[in-house]
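See below for the structure under consideration.
Protein chains: 2
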Amino acid sequence: MFEQIFIIHLYIQILYMQQLEDILKTKQPMPLSRKTVLNVFHLNSIIKDKLLLSLKPYDLSIEQFNVLRILRGQKGQPVNLQDIQDRMINKMSNTTRLVDKLIIKGYVERFVCENNRRKVEIFITETGLKLLKNLDPVVDETEKSITAALNAEELKILNTLINKLK
Amino acid sequence: MFEQIFIIHLYIQILYMQQLEDILKTKQPMPLSRKTVLNVFHLNSIIKDKLLLSLKPYDLSIEQFNVLRILRGQKGQPVNLQDIQDRMINKMSNTTRLVDKLIIKGYVERFVCENNRRKVEIFITETGLKLLKNLDPVVDETEKSITAALNAEELKILNTLINKLK
DNA sequence: TGTTAAATCTTGTTTGAACAGATATTCATC
DNA sequence: GATGAATATCTGTTCAAACAAGATTTAACA
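So the protein sequences, as listed, match chains E and H. Start counting the first sequence at 4; every next residue gets the next number (our numbering). Start counting the second sequence at 4; every next residue gets the next number (our numbering).
As structure tokens, this is what we get:
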């Protein structure tokens, strides 16, 4: 956890400031806190839809895809279910069944951990790695198109503000 | 849709810049676009959980609550299902059943539109209005606590950036 | 006017999420 | 080493979301 101070001079064109009010067709102005919450929900929904559209041809949910990326990041080192749950973006109750589906599709394997037989160790398979390799450019492209409206500096500011909220 | 130019001088303390990397335990740095997407997902998940917790005592989902707020905003004017769908933050496929649940709970009523019998007009009931009145301070408080880490200027910037992405 | 298309809502089915309870293994303590 | 608590995962059930097809009413128009 670092502590730095950035000084940023930001010139922003406020083009679509009324978007949310347009959708909701509210007459009176909303508190800034509510507007922010609703805007985050709305943006999340838009991004989710776009990503899902990219993953649809591969029959993967966003969560399944993220788990595969987590496993790849391990580079062969074992991960147990708890680890996966901790690293998932949307906390889920049943990671077991998510992994089940990835096993059925042949993208991951599950072994009982010999050191601690309560745990299960999960690995990504060659098939899983190959799938990710195919998906990488697709998802990269989608993510870039999603964030295309902001330049690097603006994105950094956005991430900073989000991190302060979390 | 207005067009204005704001000049904002922003001094931001970057305190938790590494949060996402901490969770995912990734070694190599992520592209800024991916980081942004994951950060939005993560923030959305956190906010959703907090709001759900506030609504839980009232046995309302976030979507149900938002629909009630939309109906209240109409001040007695009829809204049909299509209108509601258009104004919902997360586009849903079956608004019918969402409204069904609100009817069962006695918060809204449904009538066939006489001018166009394909449409159904939906109104909020007195019970629904009373519920919202109870919920207002609770949700306001939650929303404020969610956004408490940012001051008004930062929130405005955040909303502007989000709007540019949408 | 009769046929077809469009708009609007509903229903059926399949899949995913949430929650609680069950199972299996390990750890701590006596 | 027997017992109860803690850890880690799995399973059952219930409820919500996604998707597609169906039903009803209106509009278009030859």
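We put the beta carbon where it would ideally sit given N, CA and C, even for glycine.
Worksheet entry | CA-to-CA distance, K167 of chain H to E66 of chain H, given in whole angstroms | Here residue 66 of chain H corresponds to residue number 63 of the second sequence, with the count starting at 1. Here residue 167 of chain H corresponds to residue number 164 of the second sequence, with the count starting at 1. Between E66 of chain H and K167 of chain H, the C-alpha separation is close to 24 Å.
Worksheet item: Looking at C-alpha atoms only, which residue of E:R90, E:Y110 and E:Q85 is the closest neighbour of T243 of chain E?
Response: Because chain E here runs from 4 to 169, residue 243 of chain E falls outside it and cannot be looked at.
Item to complete: Only counting runs of 3 or more residues, tell me where the beta strand (DSSP E) segments fall wholly within the region 76-154 of chain H, in order along the chain.
Response: 111-115 and 123-127
Worksheet item: How is Q31 of chain E classed by DSSP in three states: helix, strand or coil?
Response: Here residue 31 of chain E refers to the residue found at position 28 when the first sequence is read from its first residue. It is coil, neither helix nor strand.
Worksheet item: With contact counted as at least three CB pairs below 8 Å, one residue from each stretch, are the region 148-160 of chain E and the region 31-48 of chain H in contact?
Response: yes
Worksheet item: Any idea what DSSP makes of L63 of chain E, helix, strand or coil?
Response: Taking the first sequence and counting its residues from 1, the one referred to as residue 63 of chain E is at position 60. In this structure, L63 of chain E counts as coil in the three-state DSSP scheme.
Fill in: Nearest neighbour of N137 of chain H, chosen from H:F68, H:K51, H:N47 and H:D103 [CA to CA]
Position 134 of the second sequence, counted from the first residue, corresponds to residue 137 of chain H. Of H:F68, H:K51, H:N47 and H:D103, the residue nearest in Cα terms is H:F68.
Discussion item. Against chain H, which members of the region 41-71 of chain E pass a CB distance test of less than 7 Å?
Written reply: L41, N42, V43, F44, H45, L46, N47, S48, I49 and I50
Discussion item. Can you give me the C-alpha to C-alpha distance between L63 of chain H and K169 of chain H, rounded to a whole angstrom?
Written reply: Sequence index remark: in the second sequence, residue 63 of chain H carries index 60 (1-based). Sequence index remark: in the second sequence, residue 169 of chain H carries index 166 (1-based). Those two C-alpha atoms are separated by around 28 Å.
Practice prompt. Measure the CB-CB distance between S48 of chain H and N97 of chain E and report whether it falls below 8 Å.
Written response: As a position in the second sequence, residue 48 of chain H is number 45, starting the count at 1. As a position in the first sequence, residue 97 of chain E is number 94, starting the count at 1. No, the pair does not count as a contact, with Cβ atoms beyond the cut-off.
Item to complete: Quick one: grab the DSSP three-state call for K38 of chain H.
Response: The residue labelled residue 38 of chain H in the question sits at position 35 within the second sequence. K38 of chain H: helix per DSSP, three-state reduction.
Worksheet item: Of the choices E:E156, E:Q31 and E:V102, whose alpha-carbon is the least far from that of Q127 of chain E?
Response: Stepping through the first sequence from its first residue, residue 127 of chain E is reached at position 124. As written in the sequence, residue 127 of chain E is Ile, which differs from the Gln given in the question. Of E:E156, E:Q31 and E:V102, the residue nearest in Cα terms is E:V102.
Practice prompt. Rank H:E146, H:N154 and H:Q77 by C-alpha distance to the C-alpha of I125 of chain H and give the top, closest one.
Written response: As a working mapping, residue 125 of chain H is identified with position 122 in the second sequence. Closest by alpha carbon: H:Q77.
Worksheet entry | Beta-carbon neighbours of L153 of chain E, restricted to chain H and to distances below 7 Å | Here residue 153 of chain E refers to the residue found at position 150 when the first sequence is read from its first residue. Simply L164, K167 and L168.
Fill in: Members of the region 108-132 of chain H that neighbour chain E once the beta carbon cut-off is set at 8 Å
none
Worksheet item: Using a C-beta to C-beta distance shorter than 7 Å, which residues of chain H count as neighbours of E157 of chain E?
Response: Within the first sequence, residue 157 of chain E is the residue found at index 154, counting from 1. Ordered by position in chain H, the residues that pass the 7 Å Cβ test against E157 of chain E are L164.
Worksheet item: Checking contacts by CB at 8 Å: is T99 of chain H closer than that to chain E?
Response: As a first step, residue 99 of chain H must be located in the second sequence, where it is residue number 96. Chain E, which has no Cβ nearer than 8 Å to the Cβ of T99 of chain H, makes this no.
Item to complete: State the CB to CB distance for the pair D145 of chain H and L54 of chain H, rounded to an integer number of angstroms; the pair is presumed to be in contact (CB under 8 Å).
Response: As a working mapping, residue 145 of chain H is identified with position 142 in the second sequence. As a working mapping, residue 54 of chain H is identified with position 51 in the second sequence. Going by the sequence as given, residue 145 of chain H is Thr instead of Asp. That belief holds up - the Cβ atoms of T145 of chain H and L54 of chain H are roughly 6 Å apart, short of 8 Å.
Worksheet entry | Cutoff 8 Å; reference I106 of chain H; Cβ partners in own chain excluding five residues on either side | Translated into the one-based positions of the second sequence, residue 106 of chain H becomes position 103. Same-chain partners within the cutoff: E112 and R113.
Worksheet item: Considering only the beta carbon of each residue, do V123 of chain H and S57 of chain H sit closer than 8 Å?
Response: The residue labelled residue 123 of chain H in the question sits at position 120 within the second sequence. The residue labelled residue 57 of chain H in the question sits at position 54 within the second sequence. No, these two residues do not count as a Cβ contact at 8 Å.
Fill in: 8 Å Cβ cutoff, R75 of chain H in contact with chain E
In the second sequence, residue 75 of chain H corresponds to position 72, counting from 1. Output row for R75 of chain H: interface = no.
Item to complete: Note down the Cα distance separating P60 of chain E from L134 of chain E, rounded to an integer number of angstroms.
Response: As a first step, residue 60 of chain E must be located in the first sequence, where it is residue number 57. As a first step, residue 134 of chain E must be located in the first sequence, where it is residue number 131. Cα to Cα, P60 of chain E sits roughly 12 Å from L134 of chain E.
Worksheet item: For L13 of chain E, which three-state DSSP category applies?
Response: Along the first sequence, one-based indexing puts residue 13 of chain E at 10. Note on L13 of chain E: pLDDT 32, under 50, position unreliable in the model; the coordinate value appears next. Strand.
Discussion item. My output table needs one value for K169 of chain H: the three-state DSSP class, helix, strand or coil.
Written reply: Counting from one through the second sequence, the residue named residue 169 of chain H turns up at place 166. Looking at K169 of chain H - three-state DSSP - the assignment turns out to be coil, as it is neither helix nor strand.
Discussion item. So that I know if they touch, is there some Cβ in chain H lying closer than 8 Å to that of K147 of chain E?
Written reply: Here residue 147 of chain E corresponds to residue number 144 of the first sequence, with the count starting at 1. Judged by the 8 Å Cβ criterion, K147 of chain E is in contact with chain H.
Practice prompt. Can you have a look at R120 of chain H and say buried or exposed, based on whether 16 or more other CB atoms are within 10 angstroms of its CB?
Written response: Taking the second sequence and counting its residues from 1, the one referred to as residue 120 of chain H is at position 117. R120 of chain H comes out exposed.
Discussion item. Looking at I87 of chain H: is its Cβ nearer than 8 Å to the Cβ of I73 of chain H?
Written reply: As a first step, residue 87 of chain H is located in the second sequence; it is residue number 84 there, counting from the start. As a first step, residue 73 of chain H is located in the second sequence; it is residue number 70 there, counting from the start. Yes. Within cutoff.
Worksheet item: Using 8 Å as the limit for Cβ to Cβ distance, is Y19 of chain H near chain E?
Response: Counting from 1 along the second sequence, the entry for residue 19 of chain H is found at position 16. Since pLDDT at Y19 of chain H reaches only 36, below the 50 mark, its modelled position is unreliable, and the value read off the structure follows with that caveat. It does; some Cβ of chain E falls within 8 Å.
Worksheet item: If we count the other Cβ atoms within 10 Å of its Cβ and call it buried at 16 or more, is N118 of chain E buried or exposed?
Response: Position 115 of the first sequence holds residue 118 of chain E. With fewer than 16 Cβ atoms within 10 Å of its Cβ, N118 of chain E is classed as exposed.
Fill in: Between the CA atoms of H45 of chain H and R90 of chain E - distance to the nearest angstrom
One-based indexing of the first sequence puts residue 90 of chain E at position 87. One-based indexing of the second sequence puts residue 45 of chain H at position 42. In a straight line, the C-alpha of R90 of chain E is about 11 Å away from that of H45 of chain H.
Practice prompt. Would you verify that the beta carbon of I87 of chain H is, or is not, closer than 8 Å to some beta carbon of chain E?
Written response: For the purposes of this step, residue 87 of chain H is taken as residue 84 along the second sequence, with counting starting at 1. So, not an interface residue.
Discussion item. Please report whether the beta-carbon of I93 of chain E lies at a distance below 8 Å from any beta-carbon of chain H.
Written reply: Sequence index remark: in the first sequence, residue 93 of chain E carries index 90 (1-based). The question names Ile, but residue 93 of chain E in the sequence shown is Asn. With 8 Å as the cut-off, N93 of chain E counts as an interface residue toward chain H.
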